[in-house]
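This report refers to the structure that appears directly beneath it.
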Amino acid sequence: MTAEQTSPVLDVRGLVKHFPTGKRDQVVHAVNGVNFSIRPGETLGMVGESGSGKSTIGRTVLRLTEPTAGKIAFQGQEIAEMPMAACRPLRADMQMVFQDPWSALNPRMKVRDLIAEPLLLHTKMTRGERRDRTDELAGRVHLSTDFLTRYPSDLSGGQLQRVCIARAIATNPKLIILDEPTSSLDISVRAGILELLAEIKQQTEAAVLFISHDLGTVRLISDRIVVLYLGKIVEYADADAVFEDAAHPYTQSLMSAHLPANPKAEIRRHVLEGEVPSPIDMPSGCAFHTRCPVAIEDCRRTEPQLEAAGNNTHQAACLRILDGKNRID
Amino acid sequence: MPSETTSMALREVTAEPEFSLWQRIIGLTRRSPTAAVGLGIILFFGMLALMAQYLMPHEPELVYAERVLHPPSSEHLFGTDGNGMDIFSRVIYGARFGFGIAIPAVVLALVIGIPVGLWTGYRGGMVDEALMRFFDGLRVFPSIILALAVVAATGQSLINVVIVLGVLDSPVFARVVRSEVLALRSSVFVESAIAAGNPTWRILFIHLLPNAIQGAMAQTAVRAAWAVRISATLAFLGIGIQAPTPEWGAMIRQGAEFMISGQWWVALFPGVALILLVLGLNMFGDGMQEILNPRSRAEK
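In order, the protein sequence lines correspond to chains A and B.
Read in order, the letters of the first sequence are residues 0 to 328 in numbering that gives the first Met the number 0.
Read in order, the letters of the second sequence are residues 0 to 299 in numbering that gives the first Met the number 0.
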């Protein structure tokens, strides 16, 4: 069964999310018309700077915030406009791991109850069956069963994130959203969690949306990658293609910033001039034209669409691809 | 890769000490002497209430017709009242009314206030605004006058006094819980609970309640003191509990008549008992608030 033949678990079309700012006629354009889909067993990496809308996309897909516009098809079922109560049974099949494991777990619940909670909510398992399954899940995330009787405050960040992962895979979901699961952890712990995620990815047929600003971790896990800039997809391609043959000037600058040993260093600023524009006052035309080294006059006026760049699975939204002047170096 | 689950980390978390009751009492005394003294007073009156039948030398409503208004003596330690009843026994028995009204009233206030606070804090919006304004309105009224009016209207019984006090006091708990929930509702663990598929009632009672209840719990003793005080006031005004009943407020009412004629003991002893219990509850409540919630020191 190849990925191309199966229908996608998640298919997002024209997703828009605007947040009110409190001032009249002024909104934060967090997500501005995003299309992507994930097939079973596929991991889609989603990268972008903070404020690029990547976490908002993850939360909107799970209906944790309401989409402003667009379609979200989960296993062929349209869920964007479904009432919240009707979404609840679906949550057995779509789970999420949050960025900050310290605040993502109810501090007053024992680890065992936290891991077993999705089972309690979505299965008809007896207490004993849940117990066995919880022990098994703890084993799958390499968490000592001694911790099951503890409260979250007794665990370290890495251990807590293992609990969150165990919780997320408890009901064998079809879609798992990982919202920067390693970015708040120590470097030393990060490797262990990434290894675990890679292991779980091998074991399940779930579609995974991996959200991160860390290109190194995205490359380790992802099959395909989406690059976001100000709530728009600027490049959408196979993971290797993004890293080796980035077409969009923004992706290229990200890659050049990634090459040094410390991928989180703010070296980016040497490559790109200026700051990310405010998502309240979006630039006209191509949102990136204010910082793009190869921008031309037309980039101010015309909004580029995702078009084939290279082979047909590689897409980028840049006007300069047409005349071949999209390279920034 | 179970690299973090080292044996050292395990030992560290399992070495959580268990405290004995005695150690806890000493710990409380050290952290808040006020609370410890208050707790002592509450326990003293609690013992009086529970053991009343063994501690009372006389029946509380037994009339010694030949000993009306006798001053304190070895036979009647606190003297006798205008009906010739033994005041010492009546003061002891009165502790039952103090607790018997305060505890159910506070429980009722919690049962009403907590769900309202949870729900309005979590949902917000118009219903929240309307309910909170209504509660503000309730608080603007002097509670004693409101209680007077309601008890007078609904009929004079112990149950009605309890219900009125509980309902009148529920906004206090609703507010405390609501403000906690407002701070918690956008936290990640609530979002995580929603993402896991929790229905709203589980979000409110399983996830929010245990994290939002501390402030309300710290208020219970102070609110119990309020309930004791108001119920005694109602009885003093002749509303609710009626005269021969050995309730402190009712006893003070009777004793007040004799103050002028010099029989001071009729009102003094139930008065002292009432003051002591209210003081003890308030001291314990203030101490607990300080311990549980150092930020808002004893807002009453």
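Beta carbons: idealized from backbone N, C-alpha and C, even for Gly.
Remember, it's a predicted structure, so these values are computed and weren't measured experimentally.
Have a look at R299/A and Q251/A and give me their C-alpha separation to the nearest angstrom. The residue labelled residue 299/A in the question sits at position 300 within the first sequence. The residue labelled residue 251/A in the question sits at position 252 within the first sequence. The alpha-carbon atoms of R299/A and Q251/A are separated by roughly 20 angstroms.
What are the boundary residues of the beta strand (DSSP E) that F18/A is part of? The sequence position of residue 18/A within the first sequence is 19, counting from 1. First-last of the beta strand (DSSP E) with F18/A: 9-19.
Is it true that the CB of L208/A sits closer than 8 angstroms to the CB of L43/A? Walking along the first sequence from the start, residue 43/A turns up at place 44. Walking along the first sequence from the start, residue 208/A turns up at place 209. Inclusion of L43/A and L208/A in the CB contact set at 8 angstroms is warranted, their separation being smaller than that value.
Quick check: the Cα distance between A103/A and L219/A, rounded to an integer number of angstroms? Here residue 103/A corresponds to residue number 104 of the first sequence, with the count starting at 1. Here residue 219/A corresponds to residue number 220 of the first sequence, with the count starting at 1. So the two alpha carbons sit approximately 24 angstroms from each other.
Nearest to E41/A (by Cα), restricted to the options R111/A, K173/A, L136/A: In the first sequence, the residue the question calls residue 41/A occupies position 42. Among R111/A, K173/A, L136/A, the Cα nearest to that of E41/A belongs to K173/A.
Expressed to the nearest angstrom, what Euclidean distance is found between the alpha-carbon atoms of I266/A and P82/A? Numbered from its first residue, the first sequence carries residue 266/A at position 267. Numbered from its first residue, the first sequence carries residue 82/A at position 83. The pLDDT assigned to I266/A is 49, lower than 50, so where the model puts this residue is not dependable; a value taken from the coordinates is nonetheless given after this. Rounded to the nearest angstrom, the two C-alpha atoms are 45 angstroms apart.
Would you identify the three-state DSSP class for K123/A, choosing helix, strand or coil? One-based indexing of the first sequence puts residue 123/A at position 124. The DSSP-derived three-state label of K123/A is coil.
Measure the C-alpha to C-alpha separation of V140/A and L318/A and round it to an integer number of angstroms. The residue given as residue 140/A occupies position 141 in the first sequence. The residue given as residue 318/A occupies position 319 in the first sequence. L318/A has its alpha-carbon roughly 45 angstroms from the corresponding atom of V140/A.
Residue environment, N339/A, which counts as buried when at least 16 other CB atoms sit within 10 Å: Since the first and last residues shown for chain A are 0 and 328, residue 339/A lies out of range.
Do A234/B and L120/A have their C-beta atoms closer together than 8 angstroms? What you label residue 234/B is simply residue 235 of the second sequence in a count that begins at 1. What you label residue 120/A is simply residue 121 of the first sequence in a count that begins at 1. Not closer than 8 angstroms, so no.
Spatial neighbours of I114/A in its chain, beta-carbon cut-off 8 angstroms, leaving aside the 5 residues before and after: Looking up residue 114/A in the first sequence gives position 115. For I114/A, where only same-chain residues beyond five positions count, the Cβ hits under 8 angstroms are T133, L136, A137, L147, V162, A165, R166, A169.
For A91/A, I'd like the list of residues in its chain whose CB is within less than 6 angstroms of its CB, leaving aside the five on either flank, ordered along the chain. Against the first sequence, residue 91/A aligns to sequence position 92. Within the same chain, H121, T170 come within 6 angstroms of A91/A by CB-CB distance, once the 5 residues on both sides are set aside.
Nearest-angstrom Cα separation, counted from G286/B out to P32/B: Here the question's residue 32/B lines up with position 33 in the second sequence. Here the question's residue 286/B lines up with position 287 in the second sequence. The straight-line gap from Cα to Cα measures roughly 8 angstroms.
Close Cβ partners of F97/A (< 6 angstroms) along its chain, the five nearest in sequence each way excluded: Locating residue 97/A in the first sequence gives position 98, where the first residue counts as 1. Exclusion of the five residues before and after F97/A leaves A103, D178 as the residues of its chain whose Cβ lies within less than 6 angstroms of its Cβ.
Consult DSSP for S211/A and reduce its assignment to one of helix, strand or coil. As a first step, residue 211/A must be located in the first sequence, where it is residue number 212. It is a strand residue.
First and last residue of the beta strand (DSSP E) that includes R223/A? Working through the first sequence from its first residue, we reach residue 223/A at position 224. That run of the beta strand (DSSP E) goes 223-228.
How about G214/B: is its C-beta nearer than 8 angstroms to some C-beta of chain A? Taking the second sequence and counting its residues from 1, one reaches residue 214/B at position 215. No, because no Cβ of chain A sits closer than 8 angstroms to the Cβ of G214/B.
Taking 8 angstroms as the CB-CB limit, is Q304/A close to chain B? Taking the first residue of the first sequence as position 1, residue 304/A is located at position 305. No, Q304/A does not count as interfacial toward chain B.
Mind listing, in chain order, the continuous alpha helix (DSSP H) runs of no fewer than 4 residues lying wholly within the stretch 213-278 of chain B? The stretch 213-278 of chain B contains, as complete alpha helix (DSSP H) runs of 4+ residues, the segments 213-235, 247-258 (chain order).
Go through the stretch 34-79 of chain A residue by residue and report every complete run of the alpha helix (DSSP H) that reaches 4 residues or more, in order. Within the stretch 34-79 of chain A, the complete alpha helix (DSSP H) runs of at least 4 residues are 53-60.
Whose C-beta lies closer than 7 angstroms to the C-beta of A220/B among residues of the same chain, with five residues either side of it excluded? Working through the second sequence from its first residue, we reach residue 220/B at position 221. The answer, listed in chain order, is L280, F283, G284, M287.
Chain A beta carbons: is any one of them nearer than 8 angstroms to that of S185/B? Within the second sequence, residue 185/B is the residue found at index 186, counting from 1. Judged by the 8 angstroms Cβ criterion, S185/B is not in contact with chain A.
Do the stretch 310-326 of chain A and the stretch 238-247 of chain A meet, that is, are 3 or more Cβ pairs less than 8 angstroms apart? Cβ pair count under 8 angstroms is three or more, so yes.
Anything in chain B within Cβ reach of S102/A, meaning under 7 angstroms, just list it in chain order. Translated into the one-based positions of the first sequence, residue 102/A becomes position 103. Per Cβ cutoff of 7 angstroms: S186, V187, F188.
Residues bridged to I175/A by DSSP? Taking the first sequence and counting its residues from 1, the one referred to as residue 175/A is at position 176. DSSP, once it has assigned bridges, lists Q94/A, V207/A as partnering I175/A.
Is the Cβ of L61/A closer than 8 angstroms to any Cβ of chain B? In the first sequence, the residue the question calls residue 61/A occupies position 62. Closer than 8 angstroms to some Cβ of chain B, the Cβ of L61/A qualifies, so yes.
Close-in-space but distant-in-sequence residues of the same chain around G349/B (CB under 6 angstroms, 5 per side omitted): No statement about residue 349/B is possible, as the shown extent of chain B runs from 0 to 299 and does not include it.
Between the C-alpha atoms of L181/B and L214/A, what's the straight-line distance to the nearest angstrom? Counting from one through the second sequence, the residue named residue 181/B turns up at place 182. Counting from one through the first sequence, the residue named residue 214/A turns up at place 215. Using only the alpha carbons, I get a separation of about 36 angstroms.
F257/B: which of G45/B, N82/B, V36/B sits nearest, CA to CA? The residue labelled residue 257/B in the question sits at position 258 within the second sequence. It is N82/B.
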